[in-house]
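Protein chains in written order, with the working numbering: chain A, 1496 to 1915; chain B, 2 to 504. Every residue gets a Cβ at the ideal spot worked out from N, C-alpha and C, and that includes glycine. For reference, the structure is listed below as structure tokens.
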Amino acid sequence: MTAVTAQRPRQPSRFMAIISKAREANIVVLSVISLLIAGAFGAVLIILTTPSLLTSWESFFSHPGATIASSAKLVWWAYESLFQGAVVSFHDLSTWIGNPTKANLATVLGPLSSTLTYASPLIVAGLGLSVGFRGSLFDIGGQGQVIAGAGAALIVGFSLHTSPLLQVPLEMVVAMLVGALLAGACGALKAYTGAHEVITTMMSSRIILALLPWFLGLGFIARAGFHDGASKTVNPEGQLPLLLGHISPSLTLNLGFPIAIATVFLVQWFFNRSKTGFRIFMVGQSREAARTAGINIKQVTILTLALAGALLGMAGMLELTGIEQFMSTNFGGSYGIDAIAVALVGRNKPWGVFAAAVFFGMMQQGGQIMEATTGISQSLAIVIQAVVAFCIATPFFVCDIFKLRGGERLAALETSAGWA
Amino acid sequence: MSMVAPEIITASNLRITSKARALGYGITLVLFGLFEVLAFGRTSTALHTTIQFAYDSAMVVPELSSLVGVVVLIVGLGLVALGVGPRFAPERFGGWARWSKLQLFIGGVGVLLMLWPISLWMGVNQDGQLRDWTVDVAYFCITLGVVSIAAGAVLIWRRFDRAAPILLYCGIVVFILAFLVWAARYAVAPAPPLTLTGVLWGMMLFSTFLILGAVSGTIGERSGVVNIAIEGQFIAGAMVGFMVADVMHNTGVGQIVALVTAAISGAVFATILSVMANRYRANQIIVGVLLVSFATAIAQFIQGQVLTTDAVYQNTPVLPVWALPVVSRIPVIGPVLFDQNCFVYLTIALVVLWHFLLFKTRWGLRVRSVGEKPVASETVGVSVFGARYQAVILAGLVAGLGGAAFTVAAGNQFTWELTSGYGYVALAIMILGRWRPYGAMAAALMFGFTDSLSGALGVFSQQIVIPDAFISALPYMVTIVVVSGLVGKIRPPAADGVPFVRR
């Protein structure tokens, strides 16, 4: 009897298994690579635009170590202050641990609080965009809906003196209604005439932006004594209450953040569990198949854009009543545009959108601190934000360069199709 | 957009659709006329408006005696009739179905000949200067309104299908004229005149970047690649052009180099877009939007880090104004078209060039075929990717040059907000222009006109019931109406935005 020993299949070593695992394209690997690319890009920009560093590179061949060290030092300092300005400063943390007073706690919580404050409207706006993308509709003119929603909330906000329990929900409903009407009208144009939503929403946004100075100049809107387009302020009853106000009034985190988290849960339920959410998804995947299945395409198209518009209007209301408290001609910054990138980076998943919006908020807040400490323009944070968005939303490119497998799966992101 | 089966185009079918269109146009004309009579004509007869025909007094119209003037007028009228007449005559009387170039030329010469004595009789040229023309607001608007109503009524009655579009366009121009006269009315003599040529001159300059952006979009989409990143190319072109011009101290050569580098920076963005669209088959709209945010971010960074701290970048370059020798002396048309910033000439030349390239050359046919049916094009041996790369990158040159219009041509300091979303407007203009360079130019002029007008009407803002915010918003409303297909059907290139997969 000869013992036949079966040839065991060659197991890859544990190390190779990890490498192989890392080469599977998934969102974590992609995010890490995107952050690294963005960081490298930002570093190059810092070096190129800092004259003292540029001159040090002239002596690169005589003193390579010193050159690289001085460049790396500035870049590291920039990124360090970016992080500390966005999340938490370790120096302040150790001070608080040594001396736990309220004032020190407020300093520790300060950066995170302003990051989340900035992020809250962006979360809701990004969710609005992702609802549109879910149905393969691109609401590129979200800025107009943000402003229109905020304008409606403003009128309620300064004209009523009721309890916050009544006034805040009322503002929210009015803002969502106006946003939904504006975007729903574009949806109706798409459904009944075939006008592409990218053009109609963009044009409606331009119309709103053109009419904003006129709106702010109206007699009952304009603040007395101001001529350069500033509106009245929202009454205290209509403002979102601060959450950490008892620690220090400088902590701006307000009720908008819990509202945004609740919206994330709601949208997640809507996408995964609700009938309407599934209809929107079906229409987004294939209009023809959805029509064959008996879905009213026109109705769903209008509904999708109306929902997106409602969320964007709500984002405007959160921005108005939580942060700015009055409207001016540049109200809302670039929330409508940033929301597009947020929805793409979050890959249309509610918690992904949440993470992306918090990341954007970190970049915004950290950038300001970075400019204050290192003198490098805070727009560096926006560059990093844009590069990360580009790498995550077009994963083919990154997967091809880094030889990651399965880029097709990642790229299967439901978004708007071409024209017509 | 739902697919509609193509209609069979026969002569009788065409007549049926165009007869219905003539009815609609006639009703529109009557409504315009009623509005002119009822709204604008209701003003007090004591109110007047002064229209200035020239923005400066640099031009002279040769003098004519009255008798010779009549002869010139009659000759001009005859030429116009000769040029325009056959277009409107019914086919059975030998009418021509299309405009021929000879007709247009004869008609144009006739219009110019007519303008000459008319401008002299209006007393606008007694001391070598074009002058003002003061009209009574109520009578002027009522006259225009009655003419418009009459034209509309005749159109409703007879359904001149061929004359209908021309009559409608004339009606729109007349309506705008009536609005201007009504908006600039005054009771006391020393009032600010509304400079008609100034408004039109500004229209040309304001629309250059819109024209270039829309032409760029047209080229890309004709090849089947949606370029929504025109805004990003504008920003890149504006920034690079500004910086290069300033580094080279705004000399003539420096400005030319600035224009070239601006164009190249637009092409760099176009290259990224076309690699993403062709090699990686990415969603072109998404890539475009992200490219715009990338360009905005870079521009913000450069502005914050370099432009504000460096003493070099403080000058604002501006391109010279060239008055062409003879033609710039034609009343109204001369100062508007032929006494312009030389960037306007460049823009018009590029539009003509691109119309020629797209519609008259073999390369253009290939590009258009790739945008309509890439599989068929590949079957006959056209390189789909090659044509798309070439078209998109060349289009990037045009868009980058459009960016230079903001800084190098207009003489503005660069800020990242300078382009303020006009790249997206260019996209809408491309659709309004039906994916044709000349159409894009016409649509862009409309946007340029309202931009220029809302600036010029700022003086009269007290007495205009409509706030100028609505005038600024008007072209966007028109865009929505047109894109909705309420005025004619819109058909994009068939393979627009669809990545090509080689089989």
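| query | result |
| --- | --- |
| Separation of Tyr425(B) from Glu232(B), as counted between CA atoms | 6 Å |
| Own chain partners of Phe243(B) with C-beta closer than 6 Å, once the 5 adjacent residues on each side are dropped | Thr408, Phe415 |
| Ser1726(A) - partner residues in DSSP beta bridges | Ala1717(A) |
| Partners in chain B for Arg1718(A), counting only beta-carbon separations shorter than 7 Å | Result: empty, since nearest Cβ-Cβ is about 19 Å, beyond 7 Å. |
| Cβ contact check for the region 353 to 369 of chain B and the region 204 to 224 of chain B: 3 or more pairs under 8 Å | yes |
| 8 Å Cβ cutoff, Gln1880(A) in contact with chain B | yes |
| Contact test: Gly1751(A) Cβ vs the ligand SAH heavy atom, cutoff 7 Å | In the structure on display, the ligand SAH does not appear, and there are no ligands present to speak of. |
| Within the region 402 to 452 of chain B, ranges of the alpha helix (DSSP H) (whole runs, at least 4 residues) | 423 to 433 |
| Assigned exposure category for Ser1654(A) - 16 Cβ within 10 Å defines buried | exposed |
| Helix, strand or coil at Ile1514(A) [DSSP, three-state] | helix |
| Contact set between Pro468(B) and chain A, taken where Cβ atoms lie within less than 9 Å | Leu1706, Pro1708, Trp1709, Gly1712 |
| Inter-residue spacing [alpha-carbon to alpha-carbon] between Gly1644(A) and Ala151(B) | 46 Å |
| CB contact flag (Ala1852(A), Leu1577(A), <8 Å) | no |
| Chain-ordered residues of the region 1541 to 1558 of chain A with a beta carbon less than 7 Å from chain B | Thr1544 |
| Glu1519(A) to Gly382(B) span [Cα, whole Å] | 38 Å |
| Proximity of Tyr390(B) and Phe235(B) at Cβ, strictly below 8 Å | no |
| Euclidean distance between Cα positions of Val1570(A) and Ala1538(A) | 6 Å |
| Burial state of Trp117(B) (16 or more Cβ within 10 Å) | buried |
| Residues of the region 258 to 284 of chain B whose Cβ lies closer than 7 Å to any Cβ of chain A, in chain order | Met277, Tyr281, Ala283, Asn284 |
| 6 Å Cβ shell around Thr1612(A) - same chain, five flanking residues per side excluded | Thr1747, Leu1748 |
| In chain order, each alpha helix (DSSP H) run of at least 4 residues that lies wholly inside the region 102 to 179 of chain B | 102 to 122, 138 to 159 |
| Bridge partners - Trp323(B), DSSP secondary structure assignment | Gln341(B) |
| Any C-beta of chain B under 8 Å from that of Met1697(A) | yes |
| Buried versus exposed, by CB contacts within 10 Å (16 or more), Ser1508(A) | exposed |
| Beta-ladder partner(s) of Tyr187(B), from DSSP | His49(B) |
| Per-residue DSSP class, three states only, for Asn1521(A) | coil |
| Local Cβ density within 10 Å of Ser1547(A), reported as buried at 16 or more and exposed below that | exposed |
| 8 Å Cβ cutoff, Arg503(B) in contact with chain A | no |
| Interface partners of Arg1842(A) on chain B, CB under 8 Å | Ordered by position in chain B, no residue passes the 8 Å Cβ test against Arg1842(A), which lies about 12 Å from the chain. |
| Proximity to Ile299(B) [Cα-Cα], best of Val245(B), Val290(B), Ala237(B) | Ala237(B) |
| Pro1890(A) burial status per 10 Å Cβ neighbour count (16 or more: buried) | buried |
| Contact check, Leu1711(A) vs Ser1726(A), beta carbons under 8 Å | yes |
| Chain A contacts made by the region 473 to 500 of chain B, where a contact means CB separation under 7 Å | Ser473, Ala474, Tyr477, Met478, Thr480, Ile481, Val484, Ser485, Gly486, Pro493, Asp497, Gly498, Val499 |
| Local Cβ density within 10 Å of Ala164(B), reported as buried at 16 or more and exposed below that | buried |
| Per DSSP, cross-strand counterpart(s) of Arg1900(A) | Glu1519(A) |
| Contact set for Asn1532(A): own chain, Cβ-Cβ below 7 Å, skip 5 residues either direction | For the record, residue 1532(A) in the displayed sequence is Ile; it is not Asn. Excluding positions up to five away in sequence, the list reads Val1882, Cys1886. |
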